Amino acid sequence: MRTKLANKKVLKNAQNILTNYKLCDSCLGRIFAKIETNMTNKKRGEILRFGLGNFEKIKVKDCWLCQGLIGEIKHFANLIKENLKGYEFETFLIGSKVDEDILEKENQIYAFAGSEYSESIKTELNREIGKLLEKKLTQEVNFEKPTIMAVIDTAFDVVTLQIASLYVYGRYKKYSREIPQTKWYCKICYGKGCKKCNYTGKIYDSSIQERISKTFLFYAQGEDDSFHGCGREDVDVRMLGNGRPFVLEIKNPKVRSLDLNKIATEINKINKSFVEVDSLRFSNHLEIERLKSAEFKKTYRATVKFDKIINNEKLKKATECLHDSKIGQLTPSRVAHRRADMVREKHIYYCKVESVDGSKAVFTLEAESGTYIKELVSGDNGRTKPSISEIMKIPCKVEKLDVIEIKGE
89 MRTKLANKKV
99 LKNAQNILTN
109 YKLCDSCLGR
119 IFAKIETNMT
129 NKKRGEILRF
139 GLGNFEKIKV
149 KDCWLCQGLI
159 GEIKHFANLI
169 KENLKGYEFE
179 TFLIGSKVDE
189 DILEKENQIY
199 AFAGSEYSES
209 IKTELNREIG
219 KLLEKKLTQE
229 VNFEKPTIMA
239 VIDTAFDVVT
249 LQIASLYVYG
259 RYKKYSREIP
269 QTKWYCKICY
279 GKGCKKCNYT
289 GKIYDSSIQE
299 RISKTFLFYA
309 QGEDDSFHGC
319 GREDVDVRML
329 GNGRPFVLEI
339 KNPKVRSLDL
349 NKIATEINKI
359 NKSFVEVDSL
369 RFSNHLEIER
379 LKSAEFKKTY
389 RATVKFDKII
399 NNEKLKKATE
409 CLHDSKIGQL
419 TPSRVAHRRA
429 DMVREKHIYY
439 CKVESVDGSK
449 AVFTLEAESG
459 TYIKELVSGD
469 NGRTKPSISE
479 IMKIPCKVEK
489 LDVIEIKGE
């Protein structure tokens, strides 16, 4: 039975091509790659050359187009395999960089013969290298979300690995009032190191991010990390209760099969006076979007100092005004330099007085995610309305603040 490659029109085109260009079977067959799908380009080229009968076979090294490149597929596969040693991965994908001279010649042929049925030499290289590696490895090619993408520069035999990040979800508790959630780079040198930051590149020596990620980076043999928290507390605020949800992104990890229980135990032992983690599990980038977009209710305990001695009953009546109410918060003056100056409406679910001692009081309150609690207390010179200070008609401010619960999961 005659194949589509034996079609007179196809053979005529192949004849014109071979009359003008000395091509190996793979480069000839690639021009007609979409005509027959159950064979290699090399096989297509052989069928076409046999069908024409009067064109001698061209060795790959003498091919005008690929200049021997197609003959190096096995070499490239071995090179990539060697570069993958030491990495844990489930799936992979191959990419390639090809010399511009070859790509220009390819475009020249397609302009001459048409590209309706063709595929690029890069596509063939990627596919054939991938097929060889699937035979050499236990992992398979994945075109959608590979764990590792290996890109071979065919001109210089250089392999670049693009490694999918490893994501771990968890919750952290913060016991210190002296460290931020994430790295705070020096505003003068932006992390490079200068006299102002004592050449550390940072405003604070440590952070929740660094104390958690250090152990993960060691075991995963990762190069860097990003910390994605469900909101953040101020440096002087503790995170207690059930902890704050977070996703740690480990970049370019070599090891992916981590013992999360062991890592949690080690983090907690090393950082017992600063941070504690629990509920660790493997995650993905979609969970970052969920944490950033979700609306969580947050419960706080605030120790508030008033400018004069306060009456317990009067204070309780005043805070009843905030129960299940809406407040308006113009961007706090302390963060106005880095955030848009706008009014944000926030829901206060409840506000309770726990104790009163002279000019000090302890409150517990539940508020919508993103509420500025310090300003809810002080009023921030009228930028938050109503506030406890405004309702009581007594200036006051937060002395200590703890997040004691985050609801919403």
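Using this note's numbering, you'd call the opening residue of the sequence shown number 89 and step up by one each time. We treat Cβ as the ideally placed atom computed from N, Cα and C, and that holds for glycine. If you're wondering where the values come from, they're calculated on a predicted model, not measured in any experiment.
**OP:** Could you say which of Leu-106, Glu-124, Ile-105 and Thr-107 lies nearest to Leu-93 if we only look at CA atoms?
**Re:** Within the sequence shown, residue 93 is the residue found at index 5, counting from 1. Answer by Cα proximity: Glu-124.
**OP:** Determine, using beta-carbon pairs with one atom in the segment 269-288 and one in the segment 239-248, whether at least three such pairs fall under 8 Å.
**Re:** no
**OP:** Give the single residue among Gly-416, Lys-414 and Lys-440 whose Cα lies nearest to the Cα of Thr-391.
**Re:** Here residue 391 corresponds to residue number 303 of the sequence shown, with the count starting at 1. Taking only the C-alpha atoms, the option nearest Thr-391 is Lys-440.
**OP:** Take every Cβ of the segment 310-317, pair it with every Cβ of the segment 215-224, and state whether three or more of those distances are shorter than 8 Å.
**Re:** no
Original post:
Is it the case that the Cβ atoms of Ile-296 and Lys-262 are separated by a distance below 8 Å?
Top reply: Translated into the one-based positions of the sequence shown, residue 296 becomes position 208. Translated into the one-based positions of the sequence shown, residue 262 becomes position 174. Contact flag set, yes.
Subject >> C-alpha distance - Val-256 paired with Leu-348, whole-angstrom precision >> reply: Residue mapping note: residue 256 aligns to position 168 of the sequence shown, counting from 1. Residue mapping note: residue 348 aligns to position 260 of the sequence shown, counting from 1. Rounded to whole angstroms, Val-256 to Leu-348 spans 9 Å at the Cα level.
Original post:
For Lys-357, which residues from the same chain have a beta carbon less than 7 Å from its beta carbon, with the 5 sequence-adjacent residues on both sides left out?
Top reply: For the purposes of this step, residue 357 is identified with residue 269 of the sequence shown, where counting begins at 1. None.
Subject >> Close-in-space but distant-in-sequence residues of the same chain around Cys-112 (CB under 6 Å, 5 per side omitted) >> reply: To locate residue 112, count along the sequence shown from 1; it is residue 24. The residues are Ile-146, Val-148 and Cys-151.
**OP:** Report yes if the C-beta distance between Phe-362 and Ser-264 is below 8 Å; otherwise report no.
**Re:** One-based indexing of the sequence shown puts residue 362 at position 274. One-based indexing of the sequence shown puts residue 264 at position 176. It is a contact, given that the beta carbons lie within the stated cut-off.
Original post:
First and last residue of the beta strand (DSSP E) that includes Ser-443?
Top reply: Translated into the one-based positions of the sequence shown, residue 443 becomes position 355. Counting along the chain, the beta strand (DSSP E) containing Ser-443 begins and ends at 431-445.
Original post:
Taking just the CA atoms, how far does Ala-121 sit from Ser-206?
Top reply: Taking the first residue of the sequence shown as 1, we reach residue 206 at position 118. Taking the first residue of the sequence shown as 1, we reach residue 121 at position 33. Looking at the two C-alpha atoms, the distance is approximately 5 Å.
**OP:** Tell me whether Leu-140 counts as near the ligand MN, meaning its Cβ is closer than 7 Å to at least one heavy atom of that ligand.
**Re:** No copy of the ligand MN appears in this structure; indeed no ligand is present at all.
Original post:
Under three-state DSSP, which class holds Cys-484?
Top reply: Counting from one through the sequence shown, the residue named residue 484 turns up at place 396. Correct three-state label for Cys-484: strand.
Original post:
If we call anything under 8 Å between Cβ atoms a contact, is Leu-153 one with Val-247?
Top reply: Position 65 of the sequence shown, counted from the start, is the residue given in the question as residue 153. Position 159 of the sequence shown, counted from the start, is the residue given in the question as residue 247. For Leu-153 and Val-247, no; Cβs fall outside 8 Å.
Subject >> Of the listed residues Leu-249, Leu-336 and Ile-482, nearest to Leu-305 (C-alpha basis) >> reply: The count along the sequence shown starts at 1 and reaches residue 305 at position 217. Nearest C-alpha to Leu-305: Leu-336.
Subject >> Per DSSP, the bridge partner or partners of Ala-238 >> reply: In the sequence shown, residue 238 corresponds to position 150, counting from 1. In the DSSP output, where bridge partners are listed per residue, Ala-238 has Ile-182 and Leu-249.
Subject >> Counted within 10 angstroms of its Cβ, other Cβ atoms place Met-430 as buried (16 or more) or exposed >> reply: As a first step, residue 430 must be located in the sequence shown, where it is residue number 342. It counts as exposed.
Original post:
Where does Arg-265 fall in DSSP's three states?
Top reply: For the purposes of this step, residue 265 is taken as the residue at position 177 of the sequence shown. Of the three classes helix, strand and coil, the one that applies to Arg-265 here is coil, per DSSP.
**OP:** Over the uninterrupted alpha helix (DSSP H) stretch that includes His-373, give me the two end residues.
**Re:** Position 285 of the sequence shown, counted from the first residue, corresponds to residue 373. Where His-373 is concerned, the enclosing alpha helix (DSSP H) stretches over 373-381.
Subject >> Three or more C-beta pairs below 8 Å linking the segment 167-185 and the segment 228-238 >> reply: yes
**OP:** For the alpha helix (DSSP H) containing Gln-297, list its first residue and its last residue.
**Re:** By one-based count along the sequence shown, residue 297 stands at place 209. Element bounds for Gln-297: 296-308.
**OP:** Would you be able to state if there are at least three C-beta pairs under 8 Å between the segment 414-426 and the segment 471-487?
**Re:** yes
**OP:** Report the option in Asn-95, Leu-136 and Glu-487 whose CA atom is closest to the CA atom of Cys-115.
**Re:** If you number the sequence shown from 1, residue 115 lands on position 27. It is Leu-136 whose Cα lies nearest to the Cα of Cys-115.
Original post:
Considering Ser-413, what are the terminal residues of the beta strand (DSSP E) in which it resides?
Top reply: Position 325 of the sequence shown, counting from 1, holds the residue named residue 413. It spans 413-418 - the beta strand (DSSP E) in which Ser-413 sits, taken as one unbroken run.
Subject >> Span of the beta strand (DSSP E) around His-316 >> reply: Reading the sequence shown from its first residue, position 228 is the one you call residue 316. Residues 312-317.
Subject >> 8 Å Cβ cutoff met for Ile-398 and Ala-352 >> reply: As a first step, residue 398 is located in the sequence shown; it is residue number 310 there, counting from the start. As a first step, residue 352 is located in the sequence shown; it is residue number 264 there, counting from the start. No, the Cβ-Cβ distance between Ile-398 and Ala-352 is not below 8 Å.
**OP:** State the DSSP-derived secondary structure class of Gly-174, mapped to helix, strand or coil.
**Re:** Working through the sequence shown from its first residue, we reach residue 174 at position 86. Here Gly-174 sits in coil by DSSP.
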